[in-house]
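> Would you mind keeping the following structure in view while I ask a few things?
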Amino acid sequence: ETGVTQSPTHLIKTRGQQVTLRCSSQSGHNTVSWYQQALGQGPQFIFQYYREEENGRGNFPPRFSGLQFPNYSSELNVNALELDDSALYLCASSSTGQGTYEQYFGPGTRLTVT
Amino acid sequence: EDQVTQSPEALRLQEGESSSLNCSYTVSGLRGLFWYRQDPGKGPEFLFTLYSAGEEKEKERLKATLTKKESFLHITAPKPEDSATYLCAVQPREGGSEKLVFGKGMKLTVNP
Numbered sequence: 014e015t016g017v018t019q020s021p022t023h024l025i026k027t028r029g030q031q032v033t034l035r036c037s038s039q040s041g042h043n044t045v046s047w048y049q050q051a052l053g054q055g056p057q058f059i060f061q062y063y064r065e066e067e068n069g070r071g072n073f074p075p076r077f078s079g080l081q082f083p084n085y086s087s088e089l090n091v092n093a094l095e096l097d098d099s100a101l102y103l104c105a106s107s108s109t110g111q112g113t114y115e116q117y118f119g120p121g122t123r124l125t126v127t
Numbered sequence: 128e129d130q131v132t133q134s135p136e137a138l139r140l141q142e143g144e145s146s147s148l149n150c151s152y153t154v155s156g157l158r159g160l161f162w163y164r165q166d167p168g169k170g171p172e173f174l175f176t177l178y179s180a181g182e183e184k185e186k187e188r189l190k191a192t193l194t195k196k197e198s199f200l201h202i203t204a205p206k207p208e209d210s211a212t213y214l215c216a217v218q219p220r221e222g223g224s225e226k227l228v229f230g231k232g233m234k235l236t237v238n239p
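So the protein lines, in turn, are chains A and B. Quick note on the numbering used here: the first sequence kicks off at 14 and runs consecutively. Quick note on the numbering used here: the second sequence kicks off at 128 and runs consecutively.
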């Protein structure tokens with residue numbers, strides 16, 4: 014069984030640029046959630062995708078957007094990067110409709126905005 | 128507003144010294160409470176899900192319990208390899224998504 018994978022591992026961008034982060038869900042999972050984790054803080058929910066549609070969103074501006082593909086993989090796009098966007102971005106997959114609610118996380122992408 | 132508070136923020140134990148971590152929560156309706164372990168620079172690793180008050184789950188030296196207002200993660204005779212940040216999260220029943228609301232985490236250090 015393949016776990017959740019994310020790419021790239023690390024990324025350095027300049028303020029104002031755009032970035033795309035990628036996530037492959039665990040085998041058998043149909044839902045992907047994205048979280049932002051600042052240093053020393055717990056993960057904060059950005060949004061969730063189920064059946065290729067956004068299925069809930071946290072308190073993040075519209076410049077944070079995403080996609081889910083037919084194979085359940087997902088992308089997180091952030092436009093007009095700000096210094097405060099520097100964080101660990103985590104993707105988690107789960108299986109909606111199966112009566113279990115556990116989310117399994119990938120290793121994360123460390124984004125640094127300079 | 129859904130909220131999770133973990134205490135203490137950091138804990139240092141000697142190997143073999145048992146202790147408990149507290150997670151108190153307020154949520155409109157609880158679907159589940161989750162415990163994760165996170166090593167530095169890595170993604171959270173799933174430990175337990177608790178769905179109803181009175182439920183208990185165990186895994187090796189860890190035992191999680193749940194009441195209507197809080198959860199405890201009991202660590203029995205910890206080893207240095209148990210050193211990590213432990214995260215507690217709740218999943219509200221309300222709303223269409225299955226989002227997790229996390230606490231800030233508790234950094235555990237176990238000295239040999």
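Yeah, the Cβ is synthetic: ideal placement off N, Cα and C, and Gly gets one too.
Quick one: residues in its chain with C-beta nearer than 6 Å to the C-beta of residue 37 of chain A, no 5 flanking neighbours on either side, listed in chain order?
Only 18, 86 meet the Cβ criterion.
> Whose Cβ in chain B lies nearer than 8 Å to the Cβ of residue 103 of chain A?
Near residue 103 of chain A (Cβ distances below 8 Å), the residues of chain B are 170, 171.
> Going along the chain, which residues of its own chain have a beta-carbon closer than 8 Å to the beta-carbon of residue 95 of chain A, five neighbours each way excluded?
The residues are 28, 126.
> So, with DSSP's three-state summary, where would you put residue 185 of chain B?
Strand, per DSSP.
> Of the residues B/148, B/130, B/218, B/129, which one's Cα is nearest the Cα of residue 136 of chain B?
Ranking B/148, B/130, B/218, B/129 by Cα distance to residue 136 of chain B puts B/148 first.
> Tell me whether the beta-carbon of residue 117 of chain A lies closer than 8 Å to the beta-carbon of residue 105 of chain A.
For residue 117 of chain A and residue 105 of chain A, yes; Cβs fall inside 8 Å.
> In chain order, what residues of the region 48-67 of chain A put their CB closer than 7 Å to some CB of chain B?
So the close ones are 54, 55, 56, 58, 61.
> For residue 234 of chain B, list the residues DSSP reports as bridge partners.
BP columns for residue 234 of chain B point to B/137, B/212.
> By the 10 Å Cβ neighbour count, where 16 or more other Cβ atoms means buried, how is residue 68 of chain A classified, buried or exposed?
With 16 or more Cβ atoms within 10 Å of its Cβ, residue 68 of chain A is classed as buried.
> Going by C-alpha distance, which of B/145, B/133, B/220 is nearest residue 155 of chain B?
The candidate whose alpha carbon is nearest that of residue 155 of chain B is B/220.
> Could you compute how far the alpha carbon of residue 218 of chain B sits from the alpha carbon of residue 182 of chain B?
Between residue 218 of chain B and residue 182 of chain B, the C-alpha separation is close to 16 Å.
> Could you name the residues of chain A that residue 199 of chain B contacts, counting a contact when the two beta carbons are closer than 9 Å?
What residue 199 of chain B touches in chain A: nothing, since even the nearest Cβ is about 18 Å away.
> Between residue 158 of chain B and chain A, is any beta-carbon pair separated by less than 8 Å?
For residue 158 of chain B, the answer is yes, since a Cβ of chain A falls inside 8 Å of its Cβ.
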